[in-house]
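For the sequence shown, this note's numbering gives the first residue as 912, with consecutive numbering after it. First up is the structure itself, then whatever we jot down about it.
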Amino acid sequence: MAEPTRTSQDGIDLIKEFEGLRLESYYCAANVLTIGYGHTSCVYEGQTITEHDAEELLRKDLMWFEQEVCQLINGPLTQHEFDAIVSFTFNVGSGALADSTFRRRMNTGDDKGQCFKEEFPRWNKGPNGPLPGLT
């Protein structure tokens, strides 16, 4: 069975549900200008987009994070595991994934289920404490 390298539609739908859709730019919890489904690149104050634009931005953003996950995580993954790690990386960034205990454990052969169960809940905070969407 080939390794997944793209986020499934179920994974995209989950990311969209967690992120929510904002068609006008806003400052997220990390005080970064954001628009659409969590897009942060080249966003300016007062910017507006359509739902179609938001979908396109998300798909382009995910391509970057999919590549990062493929480079940073060794070993076989199921589609659901890949989707979860892409979603995680979309939220915290590839630098955080690269430096994480989660990645180290996944790449040294720890039980994958235990890695997800024990490490993902640790990533529930923003700059001002726990965030409702992450707890």
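Beta carbons: idealized from backbone N, C-alpha and C, even for Gly. Computed from a prediction, not measured in an experiment: that's the story for all the values here.
Query raised in the report: Going by alpha carbons, who is nearest to Leu968 out of Glu1030, Asp994, Ile926 and Ile996?
Result: Reading the sequence shown from its first residue, position 57 is the one you call residue 968. Looking at the Cα atoms, Ile926 is the closest of the given residues.
**Report entry** Cutoff 8 angstroms; reference Glu962; Cβ partners in own chain excluding five residues on either side
**Finding:** For this step, residue 962 is matched to residue 51 along the sequence shown. Within the same chain, Glu962 has close Cβ partners Leu932 and Leu934.
**Report entry** Proximal residues to Asn930 (C-beta, below 7 angstroms), its chain only, five neighbours per side dropped
**Finding:** Residue numbering aside, residue 930 sits at position 19 when the sequence shown is read from its first letter. Sequence check: residue 930 is Glu here, not Asn. Once the five neighbours on either side are set aside, the close Cβ partners of Glu930 are Tyr948 and Gly949.
Query raised in the report: What's the call for Asp1010, buried or exposed, on a 16-neighbour Cβ count within 10 Å?
Result: The residue given as residue 1010 occupies position 99 in the sequence shown. Asp1010 comes out exposed.
Query raised in the report: In this structure, what does DSSP give as the bridge partners for His950?
Result: To locate residue 950, count along the sequence shown from 1; it is residue 39. Bridge pairing for His950: Ile946 [DSSP].
Query raised in the report: Whole beta strand (DSSP E) runs in the stretch 955 to 995 with 3 or more residues, listed along the chain?
Result: none
**Report entry** For Arg1014, the first and last residue of its enclosing alpha helix (DSSP H)
**Finding:** Walking along the sequence shown from the start, residue 1014 turns up at place 103. That run of the alpha helix (DSSP H) goes Thr1012 to Asn1018.
Query - Rounded separation between Gln1025 and Lys971 - CA only - result: By one-based count along the sequence shown, residue 1025 stands at place 114. By one-based count along the sequence shown, residue 971 stands at place 60. Near 31 angstroms, if we compare the C-alpha coordinates of Lys971 and Gln1025.
Report task. Tell whether a beta-carbon distance below 9 angstroms holds between Gly922 and Ser1005. Result -> Within the sequence shown, the letter at position 11 stands for residue 922. Within the sequence shown, the letter at position 94 stands for residue 1005. Not in contact: Gly922 and Ser1005 (Cβ atoms no closer than 9 angstroms).
Query - Pick from Val943, Asp964, Glu992 and Gln982 that is closest to Glu956, judged by C-alpha positions - result: Position 45 of the sequence shown holds residue 956. Ranking Val943, Asp964, Glu992 and Gln982 by Cα distance to Glu956 puts Val943 first.
Query - Exposure label - Thr1000; buried when at least 16 CB within 10 Å - result: Your numbering for residue 1000 matches position 89 in the sequence shown. Answer is buried; the Cβ neighbour count reaches 16.
Query raised in the report: When the distance is taken between beta carbons, is Phe1031 closer than 9 angstroms to Glu992?
Result: As a working mapping, residue 992 is identified with position 81 in the sequence shown. As a working mapping, residue 1031 is identified with position 120 in the sequence shown. Not closer than 9 angstroms, so no.
Query - Close Cβ partners of Val954 (< 7 angstroms) along its chain, the five nearest in sequence each way excluded - result: What you label residue 954 is simply residue 43 of the sequence shown in a count that begins at 1. If we look at Val954 and ignore the five residues flanking it on each side, its Cβ neighbours are Ser936, Leu944, Thr945 and Ile946.
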